[in-house]
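**Student:** Residue numbers (this note's numbering): 45 to 761.
Beta carbons: idealized from backbone N, C-alpha and C, even for Gly.
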């Protein structure tokens with residue numbers, strides 16, 4: 045923190061106030077994407093309005109806009125990480141869980157404008173601090189969010205300014221929250237208008253049980269009567285009365301409210317105010333109790349003189365309309381940081397991110413509304429808001445030349461920035477004949493104190509790095525910026541169009557999502573670690589009582605079903621695995637065999653090769669769709685086995701392992717009848733005196749098939 049404060053840029057001298065805070069090629073990097081002197085504008089709720097006004101022009105003139113977010117966490121549990129064996133719908137459910145549970149702490153926005161006179165891009169990095177505080181009195185949400193300790197520690201390592209975030213961060217309302225708040229206001233307004241038109245004189249009367257209440261109401265009746273008499277007797281001149289009107293018992297300050305005489309009610313308790321309203325209803329047809337609210341939500345109570353019944357109705361209508369307008373203005377002001385998202389959406393510029401699927405999901409969750417239940421719905425929704433999105437991670441594999449440059453290199457943002465965006469004095473890629481394009485950074489000439497030298501993992505600087513990487517990647521795609529007209533939208537460029545709206549859901553998905561259709565397709569540049577998944581052939585196993593390695597699980601199953609029966613075993617965490625069988629029929633055989641062994645009270649269940657993973661009937665197993673159901677649950681358990689038990693406790697009948705008891709009993713009897721007993725040399729014997737220990741896996745499987753056939757016949761009969 046102190047290191048960054050020491051790098052605060054000083055305001056330029058009055059005689060030489062420059063609009064350009066920094067002008068250079070992309071700064072040299074020490075390999076970790078360090079800031080190197082790039083000035084990033086820091087935006088908090090104190091300077092949001094002026095920064096937003098300045099940003100409008102920057103975005104309007106931009107060829108594209110770099111975008112990045114910093115969040116309070118990524119995954120709520122290790123098993124919530126995205127895995128290579130995750131199906132597209134499961135992967136989306138995990139990403140949705142992350143976007144909903146964690147907070148966005150910073151939003152980085154960096155417009156890039158092409159300057160033909162300089163043959164360079166001009167960048168304007170902005171770093172917006174975010175904190176979801178309660179802005180509306182009617183907002184009942186608590187804005188809870190998770191913090192992942194590893195993520196917080198990671199941000200602290202890179203000197204993230206948590207004090208500024210929590211104290212000066214900009215709050216927000218999503219579009220869904222804004223719509224809900226406005227609907228509540230309109231409903232309240234119409235209800236109040238309706239109620240005021242049908243309220244009877246005697247409605248809401250309070251019984252006067254104490255002497256104090258009786259004395260108070262009589263005193264108020266006298267005071268209001270005297271005040272009204274004075275108001276009526278004094279001729280109005282230019283719509284005003286003398287400031288003070290003397291009464292027999294004290295003094296009322298006369299003011300004007302909507303061109304009508306009124307008196308302020310200060311210093312009364314809520315109970316006394318109710319008694320005053322009752323006195324007015326019962327004794328004064330021409331006096332109206334009016335409550336309004338100031339900008340800081342403090343209430344102001346008045347008694348207003350109204351000549352006629354029609355004037356009284358008009359007065360109350362004006363008061364309600366004023367209240368509605370002020371509340372609507374309050375809702376609009378509570379939109380906060382979402383104004384930035386609305387600006388980017390309305391300008392329909394090309395949005396550029398790096399591995400930005402989670403960032404885009406966060407934008408949707410926080411600033412648009414609840415995330416849809418499916419990838420296709422999400423893609424359709426975000427495509428309407430941001431019709432043009434480019435993912436630099438995807439662009440790295442979109443061209444063979446780029447693949448050669450990035451070969452064996454990390455695809456992280458800082459690594460790509462160091463490789464693709466060198467300064468003239470750093471070690472550029474000698475294998476490439478392409479010269480990096482120049483990029484200059486400009487700042488606001490009047491608010492230099494808002495600029496701080498950016499650093500890695502600050503959203504504003506990461507948005508700048510993302511844009512720099514994108515610019516250099518475009519040169520490999522043979523996009524000639526000098527040939528672009530200022531009015532041309534880069535997103536509509538023929539060479540660019542085939543690369544936009546394709547996002548990588550995760551670094552290990554092996555796919556890209558087409559936002560225009562919501563469908564995934566293979567990523568040609570991805571190298572798989574596991575065989576391509578066939579989800580019908582995958583079994584989920586969880587609840588191991590002791591730590592069992594994936595290799596041990598594979599060995600146990602292969603002893604039963606054959607050495608080539610299992611293609612891969614993937615550990616979800618220490619309590620669960622996904623097993624992919626080579627054949628579909630092996631899935632049902634495994635689940636049936638597991639159910640029989642666990643309900644067989646004999647030596648078979650102890651000595652069988654599967655006993656290593658069955659562990660006394662505590663291990664559970666199901667098909668892949670159960671894995672999806674577990675991932676879709678709002679439950680939040682750290683261990684997958686605990687999560688699975690919490691989700692499946694109320695739906696045990698859905699698990700594939702719950703085979704019919706009559707079927708299991710029939711299979712067991714078939715085995716013990718000695719129809720198929722192993723003699724140890726592969727021959728079958730009909731002897732009934734054979735020990736249960738000699739019953740083999742094949743005996744059980746054969747009996748399962750026979751039992752299934754017999755059971756089917758019984759069902760048909």
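1. By Cβ distance below 7 angstroms, which residues in the same chain neighbour residue 503 in space, the five residues on each side in sequence not counted?
2. Cβ of residue 547 within 9 angstroms of Cβ of residue 381?
3. Comparing alpha-carbon positions, which option in 316, 356, 360 and 465 lies nearest residue 335?
4. Just mark residue 400 as buried or exposed, buried being the case when its beta carbon has 16 or more other beta carbons within 10 Å.
5. Relative to the alpha-carbon of residue 406, which residue among 92, 147, 519 and 119 has its alpha-carbon at the smallest distance?
6. Please check the pair residue 426 and residue 389, which I expect to be a contact at CB under 8 angstroms, by giving their CB distance rounded to whole angstroms.
7. Where does residue 316 fall in DSSP's three states?
8. If you drop the 5 nearest sequence neighbours on each side, which residues of the same chain put their C-beta closer than 6 angstroms to that of residue 309?
9. Using the beta-carbon count (16 or more within 10 Å), is residue 551 buried or exposed?
10. Residue 171 by DSSP, collapsed to three states: which one?
11. How is residue 587 classed by DSSP in three states: helix, strand or coil?
12. Enumerate in chain order the residues of its own chain whose CB-to-CB distance from residue 518 is below 6 angstroms, with the five nearest sequence positions on each side excluded.
13. Going by Cα to Cα distance, which pick from 603, 316, 229 and 655 is closest to residue 640?
14. Alpha carbon to alpha carbon, how far is residue 193 from residue 625? Give it in angstroms, no decimals.
15. For the region 355-371 against the region 101-109, are there 3 or more C-beta pairs whose distance is under 8 angstroms?
16. Are there 16 or more other CB atoms within 10 angstroms of the CB of residue 393, so buried, or fewer, so exposed?
17. Taking only the alpha-carbon atoms, compute the straight-line gap between residue 375 and residue 337 and give it to the nearest angstrom.
18. Determine the DSSP secondary structure at residue 624, reduced to helix, strand or coil.
19. Should residue 359 be counted as a contact of the ligand NAP given a C-beta to heavy atom distance under 8 angstroms?
20. Could you tell me which uninterrupted alpha helix (DSSP H) segments, each at least 4 residues in length, are contained entirely in the region 529-570, listed from first to last along the chain?
21. Cβ of residue 449 within 9 angstroms of Cβ of residue 439?
22. Is residue 612 helix, strand or coil by DSSP?
23. Between the region 587-594 and the region 558-569, are three or more C-beta pairs nearer than 8 angstroms?
24. Could you name the residues that DSSP lists as bridge partners for residue 148?
25. Looking only at its own chain, which residues have a Cβ that is under 8 angstroms from the Cβ of residue 600, when we skip the five neighbours before and after it?
26. Does DSSP put residue 155 in a helix, in a strand, or in coil?
27. Let me confirm a value: residue 110 is counted as buried when at least 16 other C-beta atoms fall within 10 Å, else exposed. Which label applies?
28. Just to confirm, is the Cβ distance from residue 353 to residue 249 under 9 angstroms?
29. If you draw a straight line from the alpha carbon of residue 77 to that of residue 499, how long is it in whole angstroms?
30. Can you give me the start and stop residues for the alpha helix (DSSP H) that residue 99 sits inside?
31. How is residue 108 classed by DSSP in three states: helix, strand or coil?
32. Contact check, residue 565 vs residue 556 under 8 angstroms by CB: the rounded distance?
33. Bridge partners for residue 331 per DSSP, in chain order?
34. Whose C-beta lies closer than 7 angstroms to the C-beta of residue 763 among residues of the same chain, with five residues either side of it excluded?
35. Which whole runs of the alpha helix (DSSP H) in the region 360-436 are 4 residues long or more, in chain order?
36. Just mark residue 379 as buried or exposed, buried being the case when its beta carbon has 16 or more other beta carbons within 10 Å.
**Tutor:** For this structure:
1. As a position in the chain shown, residue 503 is number 459, starting the count at 1. Excluding residues within five positions, the ones whose Cβ falls inside 7 angstroms are 112, 113, 114, 150, 151, 152 and 171.
2. Translated into positions along the chain shown, residue 547 becomes position 503. Translated into positions along the chain shown, residue 381 becomes position 337. No, they are not a contact pair.
3. Taking the first residue of the chain shown as position 1, residue 335 is located at position 291. Checked all of 316, 356, 360 and 465; the closest Cα to residue 335 is 360.
4. As a first step, residue 400 is located in the chain shown; it is residue number 356 there, counting from the start. So residue 400 counts as buried.
5. Your numbering for residue 406 matches position 362 in the chain shown. Minimum Cα distance to residue 406 is reached at 147.
6. Counting from one through the chain shown, the residue named residue 426 turns up at place 382. Counting from one through the chain shown, the residue named residue 389 turns up at place 345. Contact flag wrong, Cβ pair sits at about 10 angstroms.
7. Counted from its first residue, the chain shown places residue 316 at position 272. In the structure shown, residue 316 sits in a helix (DSSP, three-state: H, G or I).
8. Here residue 309 is taken as the residue at index 265 of the chain shown, counted from 1. Within the same chain, residue 309 has close Cβ partners 345.
9. Residue mapping note: residue 551 aligns to position 507 of the chain shown, counting from 1. Flag for residue 551 reads exposed.
10. As a position in the chain shown, residue 171 is number 127, starting the count at 1. In the structure shown, residue 171 sits in a strand (DSSP, three-state: E or B).
11. Along the chain shown, one-based indexing puts residue 587 at 543. Residue 587: coil per DSSP, three-state reduction.
12. Counting from 1 along the chain shown, the entry for residue 518 is found at position 474. Correct list: empty, nothing qualifies.
13. Position 596 of the chain shown, counted from the start, is the residue given in the question as residue 640. If we check each option's Cα against that of residue 640, 655 comes out closest.
14. Here residue 625 refers to the residue found at position 581 when the chain shown is read from its first residue. Here residue 193 refers to the residue found at position 149 when the chain shown is read from its first residue. Each residue's alpha carbon lies about 37 angstroms from the other.
15. no
16. Translated into positions along the chain shown, residue 393 becomes position 349. Buried.
17. Counting from one through the chain shown, the residue named residue 375 turns up at place 331. Counting from one through the chain shown, the residue named residue 337 turns up at place 293. C-alpha separation (whole angstroms): 15 angstroms.
18. Counting from 1 along the chain shown, the entry for residue 624 is found at position 580. Looking at residue 624 - three-state DSSP - the assignment turns out to be strand.
19. The ligand NAP is not part of the structure shown, which contains no ligands of any sort.
20. 538-541
21. Counting from 1 along the chain shown, the entry for residue 449 is found at position 405. Counting from 1 along the chain shown, the entry for residue 439 is found at position 395. No.
22. Position 568 of the chain shown holds residue 612. Correct three-state label for residue 612: strand.
23. no
24. Taking the chain shown and counting its residues from 1, the one referred to as residue 148 is at position 104. Paired residues: 115.
25. Here residue 600 is taken as the residue at index 556 of the chain shown, counted from 1. Taken in chain order, the residues that qualify are 653, 654, 656 and 657.
26. Start at 1 with the first residue of the chain shown, and residue 155 comes out as number 111. Three-state result, residue 155: strand.
27. Within the chain shown, the letter at position 66 stands for residue 110. That one is buried.
28. Residue 353 sits at position 309 when you count from the first residue of the chain shown. Residue 249 sits at position 205 when you count from the first residue of the chain shown. No, these two residues do not count as a Cβ contact at 9 angstroms.
29. The residue given as residue 77 occupies position 33 in the chain shown. The residue given as residue 499 occupies position 455 in the chain shown. The predicted position of residue 77 is uncertain, since its pLDDT is 44 and thus under 50; a value taken from the coordinates is nonetheless stated next. Roughly 8 angstroms separates the two Cα atoms.
30. Numbered from 1 along the chain shown, position 55 holds the residue referred to as residue 99. Unbroken alpha helix (DSSP H) run through residue 99: 92-105.
31. As a position in the chain shown, residue 108 is number 64, starting the count at 1. Residue 108 falls in the strand class under three-state DSSP.
32. The residue you call residue 565 lines up with position 521 of the chain shown. The residue you call residue 556 lines up with position 512 of the chain shown. Confirmed, Cβ separation roughly 6 angstroms.
33. Your numbering for residue 331 matches position 287 in the chain shown. Answer is 349.
34. A query on residue 763 cannot be resolved here, the shown segment of the chain reaching from 45 to 761 and no further.
35. 382-391, 401-411 and 419-429
36. Counted from its first residue, the chain shown places residue 379 at position 335. Buried, by the Cβ-count rule.
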